[in-house]
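Numbering (our numbering), first residue to last: 21 to 442.
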């Protein structure tokens, strides 16, 4: 009888243990599903709940850190990276992400120690960081000659980004819901608008109003670009993949490129870019001054890694097939927000090339001999910081311009800045 009771107790205890274990595993599955859907705020909460049971778990700690990185909450991400770094499963990519997180938390010396450790990495992209920080002064070479100031009249506690100057106005994106920060295509709850503000002087703007309202729909807008005669505007907007293809996942959203006349007085039907594809993002278009080249970012087939810079040429009345800009520009990470100046210099933002942390702005001089570009260079401090700096617009002459940055308020405030070089 005693043996029977003992067996029943063991059985009940075993069932209870299995149930608890199953509940915990279900949490991880739920968190992963949210992560895949790019719902990083909710995913982080579930990973945190899972970590209460397994506080040293490498995978969950890493996923939680990435979620906080994606939502620009690096002050929380820094609490999870040590578990990742101490694990036998740690990778050099983890170490680099931790170093960038340390930079964002003003722990510069700790970050430099971690980055210097990466010199011998087998991954050339990661090893480049270690080599670059052997001469970190290169990022500050022109800092005394470059002056940066926040523009006045348009910035708020929300998101203002992607500046473009047109007809003595500053055209930019205002985002109502900040969680995606125009990097990730999401649903209609993340509405943003294309706005314009009159220019008083280089740093001061007023009369902030909606721009080309007749072409704006629900969705998340990103970088816009105007032709020289200002009769055509290229822009990217998040679109439900289901609108593009009935076979697509109902919860899937992608950035797609469109063009329209911003001066039309009636509702304008936008023209979709000929290479739009519901399986990939097509975003951040920039038209050259002569209107013959369209630069954009995409993760389409043929990308080196994440999102790459591509270019199409307008030949015989049609856009040529997209051409990847190659390894002198692109990396296994993300290269986004291309901008081509009147002088033919290509600017863009990268989260992978060696820099000051976060997303940095780079430029590539044109090679006039063969029409390509030389190796991209970091624009340096104070345009770049340890935070996200992106979407630069260069004025004629190349000595001044505007860009976007989240350097204020603990990374939670994207604003527009002006810079000028002596």
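Here a beta-carbon is modelled for each residue, glycine too, at the ideal position from N, C-alpha and C.
**OP:** Classify residue 104 as helix, strand or coil using the three-state DSSP reduction.
**Re:** helix
**OP:** Excluding the 5 residues preceding and the 5 following residue 71 in the sequence, name in chain order all residues of the same chain whose CB lies nearer than 6 Å to its CB.
**Re:** 80
**OP:** For the alpha helix (DSSP H) holding residue 115, just list the boundary residues, first then last.
**Re:** 112-124
**OP:** Can you have a look at residue 399 and say buried or exposed, based on whether 16 or more other CB atoms are within 10 angstroms of its CB?
**Re:** buried
Original post:
Which partner residues of residue 405 appear in the DSSP bridge assignment?
Top reply: None; residue 405 has no bridge partner.
Subject >> Limits of the beta strand (DSSP E) - the one that residue 188 falls within >> reply: No beta strand (DSSP E) contains residue 188, which DSSP labels as neither H nor E.
**OP:** Pick helix, strand or coil for residue 334, following the three-state DSSP scheme.
**Re:** strand
Original post:
Three or more beta-carbon pairs under 8 Å between the region 275-290 and the region 324-332, yes or no?
Top reply: no
Subject >> First and last residue of the uninterrupted alpha helix (DSSP H) at residue 310 >> reply: Where residue 310 is concerned, there is no enclosing alpha helix (DSSP H), given that its DSSP letter is neither H nor E.
Original post:
Taking buried to mean at least 16 other C-beta atoms within 10 Å of its own C-beta, is residue 28 buried or exposed?
Top reply: Any answer about residue 28 is weak, because its pLDDT of 44 lies below 50 and its placement is not dependable; what the coordinates show is given next. Counting Cβ neighbours within 10 Å, residue 28 comes out exposed, since fewer than 16 surround it.
**OP:** Indicate whether residue 303 and residue 279 have their beta-carbon atoms separated by less than 8 Å.
**Re:** no
Subject >> Short CB-CB distance (under 8 Å) between residue 212 and chain B >> reply: No chain B appears in the structure shown, which is made up of a single protein chain.
Original post:
Using 8 Å as the Cβ pair cut-off and three pairs as the minimum, do the region 414-426 and the region 148-166 touch?
Top reply: no
Subject >> Unbroken stretches of the alpha helix (DSSP H), 4 residues or longer, contained in the region 198-265 >> reply: 261-264
**OP:** Enumerate, from N- to C-terminal direction, the unbroken beta strand (DSSP E) stretches of 3 or more residues contained entirely within the region 138-181.
**Re:** 166-170
Subject >> Option nearest residue 387 by Cα separation, candidates 345, 123, 406, 150 >> reply: The shortest Cα separation from residue 387 among 345, 123, 406, 150 belongs to 345.
Original post:
How about residue 189 and residue 232: do their beta carbons lie closer than 8 Å?
Top reply: Judged by their CB atoms, residue 189 and residue 232 are not nearer to each other than the 8 Å cut-off.
**OP:** Could you say which of 205, 89, 247, 281 lies nearest to residue 261 if we only look at CA atoms?
**Re:** 205
Original post:
Would you call residue 374 buried or exposed, if buried means 16 or more other Cβ atoms sit within 10 Å of its Cβ?
Top reply: Buried: at least 16 other Cβ atoms inside 10 Å.
Original post:
So what does DSSP say about residue 362, is it helix, strand or coil?
Top reply: Coil, per DSSP.
Original post:
Measuring CA to CA, which of 294, 343, 410, 117 is closest to residue 130?
Top reply: Comparing Cα positions, the closest option is 117.
Original post:
Among 311, 306, 145, 264, which has the Cα closest to the Cα of residue 292?
Top reply: For the options 311, 306, 145, 264, the alpha carbon positioned closest to that of residue 292 is the one of 264.
Original post:
With distances taken from CA atoms, which of 95, 381, 360, 83 is nearest residue 404?
Top reply: 381
Original post:
If you run the structure through DSSP and keep just helix, strand and coil, what is residue 25?
Top reply: Model confidence at residue 25 stands at a pLDDT of 49, short of 50, so the residue's coordinates are unreliable; what they give is reported in the following sentence. Looking at residue 25 - three-state DSSP - the assignment turns out to be helix.
Original post:
For residue 32, which of helix, strand or coil comes out of DSSP?
Top reply: In this prediction, residue 32 has a pLDDT of 43, which is less than 50 and means its spatial position is unreliable; what the coordinates show is noted afterwards. Three-state result, residue 32: helix.
Original post:
Less than 8 Å separating the beta-carbons of residue 349 and residue 401?
Top reply: no
**OP:** Could you tell me the boundaries of the beta strand (DSSP E) in which residue 426 lies?
**Re:** It spans 420-428 - the beta strand (DSSP E) in which residue 426 sits, taken as one unbroken run.
Original post:
My guess is that residue 251 and residue 296 are in contact by the Cβ rule of under 8 Å, so how many angstroms apart are they, rounded?
Top reply: In fact, because the Cβ distance is near 21 Å, the residues do not count as touching under 8 Å.
**OP:** Ignore the nearest five residues each way along the sequence and tell me which others in residue 20's own chain have a CB closer than 8 Å to its CB.
**Re:** In this structure the chain extends from 21 to 442, so residue 20 is not present and cannot be described.
Original post:
By Cβ distance, which residues of its chain are closer than 6 Å to residue 247, with the 5 residues on each side in sequence left out?
Top reply: 307, 311
Subject >> Rounded C-alpha distance that separates residue 436 from residue 383 >> reply: Distance between the alpha carbons of residue 436 and residue 383: 19 Å.
Original post:
Buried or exposed: which applies to residue 322, given that a residue is buried once 16 or more other Cβ atoms fall within 10 Å of its Cβ?
Top reply: exposed
Original post:
With 16 other CB atoms within 10 Å as the buried threshold, where does residue 294 fall?
Top reply: exposed
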